[in-house]
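Just remember that the working numbering sits 118 ahead of the position in the sequence shown, which is counted from 1. Down below is the structure, laid out as structure tokens.
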Amino acid sequence: GMLIENAMMYLNSPYLWGGRTPFGIDCSGLSQMVYRLNGIDIPRDADEQAEVGTTLSFVEESEPGDLAFFDNAEGNIVHVGIILENNHIIHASGKVRVDRIDQQGIFNTDKGSHTHKLRLIKSII
């Protein structure tokens, strides 16, 4: 739907910490702006965004547009992406890119390895 179309407008935008435009954006800026373009306000930071909506247990339960959150070794949520169809995710990591997502986390097809560990998935709408 529109939410995914809005997300794809940012594809290949360079990563910029604190950024919220196609000229530079960070992971939670991407999710915040995409939802804002759909008339939905969510917080600015990934850990705050993770407090919103309904928690889903499995990637298989998710719908395109749901948010996936990822944590670090300390258990802090440090990354967020927007789920796409067919077990893919759009997220800002180096640039806004599309990778695979599974129950472990984000699988970077360029590196051939998981780069972000899945913590939870939220249905916002």
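Glycine included, every Cβ here is placed at the ideal spot set by N, Cα and C. All values derive from a computational prediction rather than experimental measurement.
Going by C-alpha distance, which of PRO161, ILE201, ASN124 and THR172 is nearest LEU183? For this step, residue 183 is matched to residue 65 along the sequence shown. For the sequence presented, residue 183 should be read as Gly rather than Leu. Comparing Cα positions, the closest option is ILE201.
Please classify MET120 as buried or exposed, where buried requires at least 16 neighbouring CB atoms within 10 angstroms. Against the sequence shown, residue 120 aligns to sequence position 2. Exposed, by the Cβ-count rule.
With a cut-off of 8 Å on the beta carbons, I'd call CYS145 and ALA186 a contact; round off their distance for me. The residue you call residue 145 lines up with position 27 of the sequence shown. The residue you call residue 186 lines up with position 68 of the sequence shown. With a Cβ gap of about 11 Å, CYS145 and ALA186 do not count as contacting.
So, are the CB atoms of SER149 and ILE160 less than 8 Å apart? The residue given as residue 149 occupies position 31 in the sequence shown. The residue given as residue 160 occupies position 42 in the sequence shown. Closer than 8 Å, so yes.
Grab me the residues of ASN194's own chain with a C-beta within less than 8 Å of its C-beta, minus the 5 sequence neighbours each way, in chain order. As a working note, residue 194 is residue 76 in the sequence shown. Cβ neighbours of ASN194 beyond the five flanking positions: ASP165.
Minimum C-alpha distance to VAL216 - residue among GLN222, SER231, GLY230 and GLY199: What you label residue 216 is simply residue 98 of the sequence shown in a count that begins at 1. The residue with the shortest Cα to Cα distance from VAL216 is GLY199.
Are the beta-carbon atoms belonging to PHE188 and LYS240 less than 8 Å from one another? To locate residue 188, count along the sequence shown from 1; it is residue 70. To locate residue 240, count along the sequence shown from 1; it is residue 122. No, the Cβ-Cβ distance between PHE188 and LYS240 is not below 8 Å.
From which residue to which residue does the alpha helix (DSSP H) around VAL152 run? Position 34 of the sequence shown, counted from the start, is the residue given in the question as residue 152. Looking at the DSSP string, the run of the alpha helix (DSSP H) that includes VAL152 is 145-155.
When the Cα atoms are used, what is the spatial distance from TYR153 to GLY223? Counting from one through the sequence shown, the residue named residue 153 turns up at place 35. Counting from one through the sequence shown, the residue named residue 223 turns up at place 105. The alpha-carbon atoms of TYR153 and GLY223 are separated by roughly 22 Å.
Should LEU174 and ASN124 be called a contact, given that it needs their Cβ atoms to be closer than 8 Å? In the sequence shown, residue 174 corresponds to position 56, counting from 1. In the sequence shown, residue 124 corresponds to position 6, counting from 1. Result no, Cβ atoms of LEU174 and ASN124 do not sit closer than 8 Å.
Whole angstroms are fine: how far does the CA of ILE207 sit from the CA of ILE122? The count along the sequence shown starts at 1 and reaches residue 122 at position 4. The count along the sequence shown starts at 1 and reaches residue 207 at position 89. The straight-line gap from Cα to Cα measures roughly 10 Å.
For LEU121, report the span of its alpha helix (DSSP H) as first-last. Counting from 1 along the sequence shown, the entry for residue 121 is found at position 3. Here the alpha helix (DSSP H) through LEU121 covers 120-126.
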